[in-house]
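A.B. asks:
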Amino acid sequence: MDYPSPMQSYRGLESDLDEKFASVGDMMYVKKFEYHYIPIGINFSNNLNKGWFIAVKGEYDWFLEGSGRYKLMNSSSGGTLYKTHLDQKSGYGLRGSVELQKKVNRVLSFAVEPFVRYWKIAESESADVYYYRGIKVGEPREPENHTTETGINLILRVQLPPSD
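Reminder that position 121 of the sequence shown reads as 121 in our numbering, one-by-one numbering, no gaps.
#1: Which one of K83, S90 and N49 has the shortest CA to CA distance from D61?
#2: Please list the terminal residues of the continuous beta strand (DSSP E) segment that includes Q101.
#3: What separation, rounded to the nearest whole angstrom, lies between the Cα atoms of S43 and A111?
#4: Looking only at its chain, what residues have a beta carbon closer than 6 Å to the beta carbon of W119, apart from the 5 residues adjacent to it on each side?
#5: Could you check which residue in D87, R95, A55 and I54 has the C-alpha nearest to that of R69?
#6: Mind checking whether E139 and S126 have CB atoms under 9 Å apart?
#7: Need the endpoints of the beta strand (DSSP E) that A111 sits in, please.
#8: State the Cα-Cα distance for the pair W52 and V98, rounded to the nearest angstrom.
#9: Relative to the alpha-carbon of R117, which residue among L154, P39 and L156 has its alpha-carbon at the smallest distance?
#10: Looking only at C-alpha atoms, which of L154, N105, N47 and R106 sits nearest to N113?
#11: What's the C-alpha gap between V56 and R157?
#12: With H, G and I counted as helix, E and B as strand and the rest as coil, what does DSSP make of G41?
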């Protein structure tokens, strides 16, 4: 979470055509989300004794805009039945982690960093969806979304000495 300031960030999520898509009968849809946001973060770090280092990182992700693109397809032919685009106007993200690093020698260090990431995105605006011969079939909208990701980064750092 080290950034030059100011910086705008991007998060993209896309469903694959496997277990991750929704289907009803012979219809299925693929989703793609894009979020644009500004990260605002803080990083506290401290060198401990005997080559140990600790860093505590926190971040607020100021949501600027987002969109969801959907494509309804016929699962047997793969043909697209309709596409729609839904705008997302508000939300935020939070991130936090604690990194513990051990310097092995002048060049090599190892670190472990448990993290948590959270997104809350408000309900999208609706969009009219038209099907065959201009028949309106609905006004879909993406519901309010809460996403939490947790994990552990295992890090190997190699710092080469400057060349003369």
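The beta carbon of each residue, even a glycine, is placed where N, CA and C say it ideally should be.
C.D. replies: Per the coordinate set shown:
#1: Counted from its first residue, the sequence shown places residue 61 at position 61. Among K83, S90 and N49, the Cα nearest to that of D61 belongs to S90.
#2: As a working mapping, residue 101 is identified with position 101 in the sequence shown. First-last of the beta strand (DSSP E) with Q101: G91 to K103.
#3: For the purposes of this step, residue 43 is taken as the residue at position 43 of the sequence shown. For the purposes of this step, residue 111 is taken as the residue at position 111 of the sequence shown. The identity of residue 43 in the sequence shown is Asn, whereas the question assumes Ser. Whole-angstrom Cα-Cα distance: 16 Å.
#4: Translated into the one-based positions of the sequence shown, residue 119 becomes position 119. So the list reads G93 and T147, once near-sequence residues are dropped.
#5: Residue mapping note: residue 69 aligns to position 69 of the sequence shown, counting from 1. Considering only alpha carbons, the answer is D87.
#6: Start at 1 with the first residue of the sequence shown, and residue 139 comes out as number 139. Start at 1 with the first residue of the sequence shown, and residue 126 comes out as number 126. In this structure, S126 lies closer than 9 Å to E139 by Cβ.
#7: Numbered from its first residue, the sequence shown carries residue 111 at position 111. Looking at the DSSP string, the run of the beta strand (DSSP E) that includes A111 is L108 to I121.
#8: For the purposes of this step, residue 52 is identified with residue 52 of the sequence shown, where counting begins at 1. For the purposes of this step, residue 98 is identified with residue 98 of the sequence shown, where counting begins at 1. Computed Cα separation, rounded: 13 Å.
#9: Reading the sequence shown from its first residue, position 117 is the one you call residue 117. It is P39 whose Cα lies nearest to the Cα of R117.
#10: Reading the sequence shown from its first residue, position 113 is the one you call residue 113. Note that residue 113 is Glu in the sequence shown, not Asn. Of L154, N105, N47 and R106, the residue nearest in Cα terms is L154.
#11: As a first step, residue 56 is located in the sequence shown; it is residue number 56 there, counting from the start. As a first step, residue 157 is located in the sequence shown; it is residue number 157 there, counting from the start. Computed Cα separation, rounded: 18 Å.
#12: One-based indexing of the sequence shown puts residue 41 at position 41. Note: G41 maps to strand in three-state DSSP.
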